[in-house]
Amino acid sequence: KLTLESLLHGYQVGMQTGDIENAMFSAHVYVIESFIYGRSLPEIEREADSFIKQMVEYKQMAPKDLTLAVRHAILSLKNDPSLMVCKNVQQKDLLERAIENNNVVLASYIYSLSGIEAYIFGKYESAASMVQKRKEMEEHMSRKMFQNGMTALFDGLIFVAMAYKTNDIKWSVKALNAASKLEQYVKKGINICEHKLLLLEAELDVVEKNSGNVLNMYDRAIAVAEKNKFVHEQAIASERAADFLLRNGDVRAAQYYGKAHNLYLQWGAQRKADHLIKNIPF
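In UniProt numbering, the protein residues as written are 1 to 282.
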């Protein structure tokens with residue numbers, strides 16, 4: 001969490017010295033990193049709102065739009081579906097404006113966050129389509145966003161879900177590529193990628209029908225995510241373990257769904273927690 005502290009410090013120093021541009025850029029990166037680290041969604045929303053207000057005040061529109069994209073993702077996970085219409089219209093407007101102005105960074109940001117959101121809510125085709133659109137944007141970018149394992153994890157999870165759904169080998173190959181990226185991060189000593197790799201390997205084993213040791217792998221992913229304090233990815237690993245147990249008629253599925261539900265609530269993802277309860281088939 002050192003990154004978050006240094007980003008907040010960068011914001012404060014920028015504001016004190018009149019370097020508004022750098023201050024606002026630090027504030028925006030602080031918001032996205034907070035989301036990536038799985039901090040409490042209501043807390044990030046409050047901070048994002050405060051930063052957005054300042055960004056508007058100081059006419060810093062680029063970081064404002066990027067922060068707004070993160071805020072939309074937070075609202076999708078957190079809020080009652082009846083409040084979502086307004087958010088969806090705003091998100092659509094933001095994306096249209098990004099495409100119109102050829103702002104590939106903002107568009108790729110929106111696609112990336114929308115893909116993660118779609119995956120979490122089980123809309124796998126939509127998630128895969130968002131990955132494709134993000135990759136098209138990235139072809140025009142000098143460097144990709146989210147180089148800390150989050151993209152590789154969610155790309156991999158989306159590809160695994162599509163492999164399971166379609167039996168098409170191309171998705172398994174893509175998922176294996178994502179796993180090898182995570183493996184490289186782990187070898188470089190990026191500890192926050194260890195649970196991501198364990199989860200993706202468990203999911204790949206399910207698709208490849210190597211299910212002998214899978215529950216143990218899910219359990220390890222859950223335990224390491226907890227140690228790393230990545231509550232959102234601990235929740236996802238618990239839900240995937242529950243899905244695996246349910247498919248195999250194992251009564252322990254209920255226990256894992258219960259754990260996932262509590263973790264989503266802990267994250268502040270009320271709408272996802274409700275969605276989980278509604279879709280558990282018992």
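Every residue, glycine too, gets a C-beta built ideally from N, C-alpha and C.
Whole-angstrom Cβ separation of residue i and residue j, contact assumed at under 8 angstroms?
{"i": "M150", "j": "Y124", "result": "Actually they are not in contact, since the Cβ atoms of M150 and Y124 sit about 18 angstroms apart, beyond 8 angstroms."}
{"i": "I236", "j": "H261", "result": "So it is not a contact: roughly 12 angstroms between Cβ atoms."}
{"i": "residue 330", "j": "A69", "result": "Coverage of the chain is limited to positions 1 through 282, which leaves residue 330 absent and any answer about it impossible."}
{"i": "T3", "j": "E33", "result": "6 angstroms"}
{"i": "L157", "j": "A179", "result": "That belief does not hold up - the Cβ atoms of L157 and A179 are roughly 10 angstroms apart, past 8 angstroms."}
{"i": "L199", "j": "A175", "result": "Contact doesn't hold; Cβ gap of about 12 angstroms is too wide."}
Quick check: what's the CA-CA separation for residue i versus residue j?
{"i": "I99", "j": "E138", "result": "13 angstroms"}
{"i": "residue 283", "j": "L215", "result": "No information on residue 283 is available, as it lies outside the stretch 1 to 282 that the chain covers here."}
{"i": "K170", "j": "A273", "result": "32 angstroms"}
{"i": "C193", "j": "A202", "result": "14 angstroms"}
{"i": "A256", "j": "A223", "result": "Going by the sequence as given, residue 256 is Tyr instead of Ala. Whole-angstrom Cα-Cα distance: 13 angstroms."}
{"i": "H195", "j": "Y185", "result": "12 angstroms"}
{"i": "L265", "j": "L75", "result": "14 angstroms"}
{"i": "N210", "j": "R247", "result": "14 angstroms"}
{"i": "K144", "j": "T166", "result": "28 angstroms"}
{"i": "D19", "j": "Q12", "result": "10 angstroms"}
{"i": "Q234", "j": "M55", "result": "33 angstroms"}
{"i": "S6", "j": "K135", "result": "30 angstroms"}
{"i": "P281", "j": "I120", "result": "17 angstroms"}
{"i": "K187", "j": "L204", "result": "20 angstroms"}
{"i": "residue 285", "j": "I190", "result": "Lying outside 1 to 282, the shown extent of the chain, residue 285 is not represented and no answer is given."}
{"i": "V173", "j": "V231", "result": "28 angstroms"}
Below 8 angstroms, how does it come out for the segment 225-237 and the segment 96-113: are there three or more Cβ pairs, yes or no?
no
Is there contact here, the segment 20-29 with the segment 43-62, by at least three beta-carbon pairs under 8 angstroms?
yes
Ranges of the alpha helix (DSSP H) found wholly within the segment 9-37, counting only runs of at least 4
20-36
For the segment 32-41 against the segment 264-272, do three or more pairs of beta-carbon atoms, one drawn from each stretch, fall closer than 8 angstroms, so that the two count as touching?
yes
Would you mind listing the alpha helix (DSSP H) stretches within the segment 132-158 that are 4+ residues and don't spill past its ends, in chain order?
none
Sequence ranges, alpha helix (DSSP H) only - wholly within the segment 177-257, length at least 4:
194-207, 214-227, 231-247
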